[in-house]
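In the numbering used here, the protein residues as written are 0 to 136. Think of the CB as a built atom: it goes at the ideal place given N, C-alpha and C, for glycine as much as any other residue. Keep in mind the model is a prediction, meaning the values are calculated, not measured. Below is one structure; the comments refer to it alone.
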Amino acid sequence: MAVVKELLRAEANGSVSFGDYTLATKSKVEDFKHGEDVLKVKTFQEITRLEKNGMVLYESVPGTSVTDFTELDNGMKFKVEGPTDASITLGLADDTEYKVSVNGVSTGSVTSKMGGKVSLSVELAGAGEVEVMVKKA
0 MAVVKELLRA
10 EANGSVSFGD
20 YTLATKSKVE
30 DFKHGEDVLK
40 VKTFQEITRL
50 EKNGMVLYES
60 VPGTSVTDFT
70 ELDNGMKFKV
80 EGPTDASITL
90 GLADDTEYKV
100 SVNGVSTGSV
110 TSKMGGKVSL
120 SVELAGAGEV
130 EVMVKKA
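Structure representation (C-alpha cells):
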C-alpha cells in the first residue's frame, strides 16, 4: 500500500504525494508551502482532496493515496491507489479538451467546464498503483 502517512509531502523531483484512504476519521494538513504555493489536504476513507491557493486541484471519492502528483503546462500526471474504484475530479483550465490515459492506455477525452473541472473514473480495486496522465488535446 502506498498510503502517505505524513498526509502531504514534497518529493525530491518537485512533485507532491498525499492522501491516506485507510483513515477512519478525517485528517488534514493546512498551510503547506510548496514553492510559491500553499497547499491543503483533507483525507480519510470517504474522500481525499488537495487544494492549491484555495482552489481544488484533486478530489477523489472514496479516499485515495496519490504519489508523484505533478502539474504540467498542458495538464497533470500522478499515480493513484485505493481499495475500490474512484471518481476523481481535477481542477484544470476552463473549457479545454483533455486526453486521458491510465497506465499508458488511452481512455478517451474529456472537456472541462466553466471553472475547469474534469471528472473521470479510475478502476482501482485490486489494481495497486495506477498511473494517470491528463494532457490538453
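Practice prompt. Look at the alpha carbon of glutamate 70 and the alpha carbon of valine 133, and state the distance between them as a whole number of angstroms.
Written response: 10 angstroms
Worksheet item: DSSP on valine 2, reduced to helix/strand/coil?
Response: coil
Fill in: Residues bridged to lysine 25 (per DSSP)
Its beta-bridge partners do not exist; DSSP assigns none.
Discussion item. Considering just the uninterrupted stretch of the beta strand (DSSP E) at phenylalanine 43, what are its terminal residues?
Written reply: Looking at the DSSP string, phenylalanine 43 is not in any beta strand (DSSP E), and its letter there is neither H nor E.
Worksheet item: Can you tell me the Cα-Cα spacing of glutamate 29 and serine 105, whole angstroms?
Response: 34 angstroms
Discussion item. Am I right that leucine 56 and glycine 90 are in contact with their C-beta atoms under 8 angstroms? What's the rounded C-beta distance?
Written reply: 5 angstroms
Practice prompt. Could you please give me the residues that DSSP links to aspartate 36 through a beta bridge?
Written response: His33
Item to complete: Go to tyrosine 97, then tell me how far its beta strand (DSSP E) extends in each direction, as first and last residue.
Response: 96-101
Practice prompt. Could you check how far apart the C-beta atoms of isoleucine 115 and aspartate 93 are, in whole angstroms? I think they sit under 8 angstroms.
Written response: The residue asked about is misnamed: residue 115 is glycine in this sequence, not isoleucine. 5 angstroms between Cβ atoms; contact.
Discussion item. Bridge partners for methionine 75 per DSSP, in chain order?
Written reply: Glu70, Val133
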